[in-house]
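Each residue of the sequence shown is one higher than the last, beginning at 1423 in the numbering used here.
Where is the CB? At the ideal position from N, CA and C, for every residue including glycine.
A short write-up of the structure that comes next.
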Amino acid sequence: NSLASLLANMGKRSEAEPLYRQVLQARERALGSEHTDTLASVNALAVLLDDLGKHSEAESLYQQVLEARERTLGREHPDTESALDNLATVLVKTGKHSEAEPLFRRALEARERTLG
């Protein structure tokens, strides 16, 4: 993941994508699909795909991360709130404003409850 991250940060996103996918596959095999490290890899790939303009695929991965984090960490965990925000943001980018709004509201409400 470090090499993929470095390449992405250097602007070599197309080179980073297959590396992110390899790391994700390895983590899924070794750790399972809902392990926190695996979900971090899914999220990293989604961020990269979003940056590459592959919003539909990024949306699907963000949805996967959100659902898994809700199951494993709970609805109000900061990582779940971050997943909500990521999904809502990509929905805005694809013009799905009416789908994004309730997610942004839910994230805001959860942050207000957890942070005061």
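By a C-beta neighbour count over all protein chains shown, 10 Å radius and 16 as the cutoff for buried, is residue 1431 buried or exposed?
Counting Cβ neighbours within 10 Å, residue 1431 comes out exposed, since fewer than 16 surround it.
So, for residue 1465: in the same chain, excluding its five sequence neighbours on each side, which residues have a beta-carbon less than 6 Å away from its beta-carbon?
So the list reads 1487, once near-sequence residues are dropped.
Closest to residue 1508 by CA distance: which of 1517, 1498, 1532 and 1480 is it?
It is 1480.
How many whole angstroms separate the CB atoms of residue 1435 and residue 1467, which I take to be in contact at a CB cut-off of 8 Å?
In fact, because the Cβ distance is near 11 Å, the residues do not count as touching under 8 Å.
Just the Cα atoms here: how many angstroms apart are residue 1514 and residue 1477?
The alpha-carbon atoms of residue 1514 and residue 1477 are separated by roughly 10 Å.
Less than 8 Å between the C-beta atoms of residue 1506 and residue 1529, yes or no?
Yes, Cβ-Cβ distance for residue 1506 and residue 1529 is below 8 Å.
For a test of the three-state rule: what should DSSP assign to residue 1492, helix, strand or coil?
Looking at residue 1492 - three-state DSSP - the assignment turns out to be helix.
Taking all protein chains shown into account, do 16 or more other C-beta atoms lie within 10 angstroms of the C-beta of residue 1461, making it buried, or fewer, making it exposed?
Residue 1461 is buried by the Cβ-count criterion.
Quick one: residues in its chain with C-beta nearer than 6 Å to the C-beta of residue 1526, no 5 flanking neighbours on either side, listed in chain order?
Closer than 6 Å at Cβ, skipping near neighbours: 1510.
Drop a sphere of 10 angstroms on the beta-carbon of residue 1463, count the other beta-carbons inside from all chains shown, and report buried for 16 or more, exposed for fewer.
Buried, since its Cβ has 16 or more Cβ neighbours within 10 Å.
What residue range does the alpha helix (DSSP H) around residue 1515 cover?
Element bounds for residue 1515: 1500–1515.
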